[in-house]
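*Asks:* Next up is a structure, given as structure tokens.
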Amino acid sequence: MSIKLTKQRQEILDLIQASEGHMTADQIHTKLKEGDVSIGIATVYRNLNVLYNEKLINRVRHPELGFIYDKNLHDHYHFRCRECNRIEDVELDYRKELHQLVEEELGCLELDHDITFEGICKDCLAKSNQKHK
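Numbering follows full-length UniProt numbering, with no gaps: position 108 of the sequence shown is 108.
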């Protein structure tokens, strides 16, 4: 690791590691403040970028919330529910050859990508089915 893990960075990292899902920078800031951590929102954003660039956390672009942050560092896909906006990790076999195909097709160096499937989650489907009964 080429960065110093400051107290604030450690607090952010610990919070993300302890979470069961994905969180926005605002949610992270709120949770830290609730835990009596004195930190500004700009500092949260700055440190999230540092932690992401150092590959200590993952981030996913959400169409409505901006970036959301995740502790799951291995290559994986995501699913976003269009009803409740929840993001879930999808643990399918990851197609590493997609990187090579994109590079060959475009003549570029592909460094990162995010594939997010969209639909309606099982919880929202169940709620919808209950309404129609």
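For each residue, glycine too, the CB sits at the ideal point set by N, CA and C.
Could I get the ranges of all uninterrupted beta strand (DSSP E) runs contained in the stretch 33–89, with 3 residues as the minimum, in chain order?
*Replies:* List check, beta strand (DSSP E) in window: 58–62, 66–70 and 77–81.
*Asks:* When the Cα atoms are used, what is the spatial distance from K7 to V44?
*Replies:* So the two alpha carbons sit approximately 12 Å from each other.
*Asks:* For E103, collect the residues of the same chain with a Cβ closer than 6 Å to its Cβ; drop the 5 residues on either side in sequence, then sort them by chain order.
*Replies:* Around E103: E110.
*Asks:* By Cβ distance below 6 Å, which residues in the same chain neighbour C84 in space, the five residues on each side in sequence not counted?
*Replies:* Once the five neighbours on either side are set aside, the close Cβ partners of C84 are C124.
*Asks:* Going by DSSP in three states, T6 sits in which element: helix, strand or coil?
*Replies:* Residue state, collapsed to three classes: coil.
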